[in-house]
Amino acid sequence: MKQILMIIIVAIFCLPLFGQEINSFRNLSTGGVLDDDADLAFDPIELNYLTGTRIFSNLSNFGGTDQILSNSGSQHLLLGIASDKCFIDHFNRAFLIKYYDYKTPGLIEYMIDPSGSMAYATGEVDFTWQEYSDVNVNGLYDRYTILQQHIQNMDYSKGMDIYLNLAYKLNEINRFGFKLGILNSETGHNRSSTGLLGFDPNSPNTDYRFMLQTLTEIDPSIPAYLAEDKKIGDFKTEQSFSNILTELAYGRTMNTYDLKAALEFRLINDKTIHDDTATEIEIRTNQANDYEMESYLIKLDEKGIHTALALGVRKNLSTAAERKNSAYISLGAGLGFLNLDVSDNETMAGDYTINGQFHNHDSYFMKQDGEKSGLEANAHLRINYPLNAKTYFGTGLLYHYSNSKQKGDFKYGMASTDSTFSSANGAWAFTTALSSLMSGKTEHNYDSTTLSVPVGLEYWFTNNQHWAVRFGSVFTQHISSVNELFRPEHVEPITIVETYADGSEPYISYDDNEYLIDSENRLSRSSSTTYCYGIGYKPSQNLQIDIMGIFDSSDTDLWNTDFFRNLRLAFSIRL
840 MKQILMIIIV AIFCLPLFGQ EINSFRNLST GGVLDDDADL AFDPIELNYL
890 TGTRIFSNLS NFGGTDQILS NSGSQHLLLG IASDKCFIDH FNRAFLIKYY
940 DYKTPGLIEY MIDPSGSMAY ATGEVDFTWQ EYSDVNVNGL YDRYTILQQH
990 IQNMDYSKGM DIYLNLAYKL NEINRFGFKL GILNSETGHN RSSTGLLGFD
1040 PNSPNTDYRF MLQTLTEIDP SIPAYLAEDK KIGDFKTEQS FSNILTELAY
1090 GRTMNTYDLK AALEFRLIND KTIHDDTATE IEIRTNQAND YEMESYLIKL
1140 DEKGIHTALA LGVRKNLSTA AERKNSAYIS LGAGLGFLNL DVSDNETMAG
1190 DYTINGQFHN HDSYFMKQDG EKSGLEANAH LRINYPLNAK TYFGTGLLYH
1240 YSNSKQKGDF KYGMASTDST FSSANGAWAF TTALSSLMSG KTEHNYDSTT
1290 LSVPVGLEYW FTNNQHWAVR FGSVFTQHIS SVNELFRPEH VEPITIVETY
1340 ADGSEPYISY DDNEYLIDSE NRLSRSSSTT YCYGIGYKPS QNLQIDIMGI
1390 FDSSDTDLWN TDFFRNLRLA FSIRL
């Protein structure tokens, strides 16, 4: 559960204030430091500087997953239009839609025969191995063995973001902007969230069956016997994020300086569900069946509002025909506040029947309700400078800090029932039941610091400047800490009730409650460098085509299948 809470915090806080939900291919392939028209259209102040009508489209690849550029943005389809053609003078509008729906197959390791030989696949496997054998060597088949497996390991992600941007130029000094966004996304996979019945964490969905059966109808001389083992893991994780945002922005031009202020409000409705069940069944002739089941369920809901204020100043070093190619230095800072209502329910259960004589059922539950408040701050430095008419360079520095605190109530309980029977098929003998309950206050504190240094370069390598190559890298260092405290205020002792089949009064006793919840402190550090690249083609002033992800990391043959699977294409049209 603690890992799930940390994922939610990172999802909300790790991106800078007013982070780009839509990026052009020029921006992605240069580490986020060189903008294109689509980036300007997404910003309600920069939209003021676009003239005419622009049409944008990012076409995802034909299938598969991004490999080299997996950290630079998901596959998606972007459709957008920006125009200054309106019945109101100096009024610009932009409408953009980002849609994506894809699956990523994961690695599968599976057994291909009872001797333990293994094989590998991705995504999904439906495998059957079977054998007829003559054990007593009398010329008749007397034993049948079958191994069946169905395994799935798949990640999925889908969503649709819709944005409406409005920009108004009051005069040469003052500019105004407004953004409305509706964002919906879902992610999930079918792997276990924790270890259950021998399944390791992150084990994929598994339906395993092994059976050995004697064939008395073919060889009557061999005694009838059946041995069957089943192991089923049904795992599901789903996360849905629903945001509605509005942004008010103001821009002011003073000689060579541009000033900007923006205020954003975001309504958040996020849900996370982990639903895992593992089952083992053992069947033997003339023996009671063994049955084991364990389940783990989490339901986490977070609803509330996020408010952010950002300020920035830009020093224009030179002015180009298109604003995206101008030289400038910009500084910015932002501050954000988060307020969420949190409901977190976690349950675990186990059901065990061994040799038909012992039956045990365990269950645990943990419920937390409270409020989460957060603070985030960021600062950035960005430098864009054309080295010459063909070469554009950009770099920057981004610092982001966030802290959130959750306070509320918790309730933790356990129950266990252990029944014994006189024999595998005999009558009930006695049952021992245990139960306990604890409640109190809980506090969670999450801190996160991220430092990023992007560098990007674009070079137009032909005399007519129709072709460009782009390269970028982003170094990121991330530090996070988690402090969790549970302060019990009401603790009930363990109540033990023993009930016997002879009808006597149940015997009740009490024991110390040792089912305490641990408080925990964790600190983690990580750093990484992401590389990206792209190609641009501009046959005319009215058309630009951009390509990313054209080379596969393992197969260098230009026309291999992965070339097309990784291909990402975008174009921009000026009318």
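If you're matching positions, the sequence shown starts at 840 in our numbering and goes up one per residue.
Backbone N, C-alpha and C fix where the C-beta goes; we use that ideal spot for every residue, glycine too.
In this text the structure is predicted, and so the values were computed from the model without any measurement.
Less than 8 Å between the beta carbons of residue i and residue j, yes or no?
i	j	result
F1260	A1272	no
V1152	S1169	yes
L1139	K1110	yes
I947	T961	yes
E1215	G1175	yes
K937	I1021	no
G1375	R865	yes
A1127	A1340	no
N1004	P883	yes
R1221	V872	yes
T1095	K1008	no
T1338	P1345	yes
T892	S863	no
A1100	L1019	no
N1023	N1044	no
V1313	T1368	yes
P1293	T1230	no
E1328	G1279	yes
D952	K997	no
I1335	I1347	yes
G945	N992	yes
Y1224	A1160	no
Keeping to the same chain, check which residues put their C-beta closer than 6 Å to that of residue i; ignore five residues upstream and five downstream.
i	result
I1071	D1046, T1118
H790	In this structure the chain extends from 840 to 1414, so residue 790 is not present and cannot be described.
A1218	A1172, Y1238
D1058	L979, D981
F1104	T1085, T1146
M1132	T1118, D1190
R1123	A1066
D1129	E1121, I1193
L1362	S1320
T984	E970, L1051
S1411	D876, F895, Q1383
N1178	G1143, I1144, S1212
I1001	I936, I1021
R1413	G891, R893, N1381
Y1203	M1187, M1253
Which term fits residue i, buried or exposed, when burial requires 16 or more other beta carbons within 10 angstroms of its beta carbon?
i	result
L889	buried
L935	buried
M1387	buried
R1326	exposed
E970	exposed
M1093	exposed
L931	Before going further, note that residue 931 is Asn rather than Leu in the sequence given. The residue in question, N931, is buried, as its Cβ has 16 or more Cβ neighbours within 10 Å.
G955	exposed
P1378	exposed
E885	buried
H1305	exposed
Y1349	exposed
I1012	exposed
F881	buried
F926	exposed
Q988	buried
K1265	Here residue 1265 turns out to be Gly, not Lys, going by the sequence shown. Classification of G1265: exposed, given that the 10 Å Cβ count is below 16.
T1158	exposed
L1035	buried
M1277	buried
S1366	exposed
What are the residues that DSSP puts in a beta bridge with residue i?
i	result
V872	In the DSSP output, where bridge partners are listed per residue, V872 has none listed.
E1297	Y1231, R1309
S1255	D1201, L1273
R1361	V1321
R1030	P1043
P1327	G1279
I1222	I1168, T1234
Give me, in chain order, the residues of the same chain whose beta-carbon lies closer than 7 Å to that of residue i; leave out the 5 immediate sequence neighbours on both sides.
i	result
S1031	F1038, P1040, N1041, S1042, G1072, F1074, D1115
D973	L979, Y980, D981
Return no unless some Cβ of chain D is closer than 8 Å to the Cβ of residue i.
i	result
G998	Protein chain content of the structure displayed is limited to a single chain, and chain D is not contained in it.
For residue i, which residues of its own chain have a beta-carbon under 8 Å away from its beta-carbon, when the five flanking residues on both sides are left out?
i	result
A1307	E1297, Y1298, W1299, F1300, I1374, G1375, Y1376, K1377
Completely contained beta strand (DSSP E) runs for the segment 1150-1209, where each covers 3 or more residues: 1166-1193
Every unbroken beta strand (DSSP E) inside the segment 908-984 [3 residues or more]: 916-922, 930-944, 946-950, 957-961, 963-972
Every unbroken beta strand (DSSP E) inside the segment 1070-1152 [3 residues or more]: 1096-1123
Complete runs of the beta strand (DSSP E) confined to the segment 978-1027 [at least 3 residues]: 982-991, 993-1008
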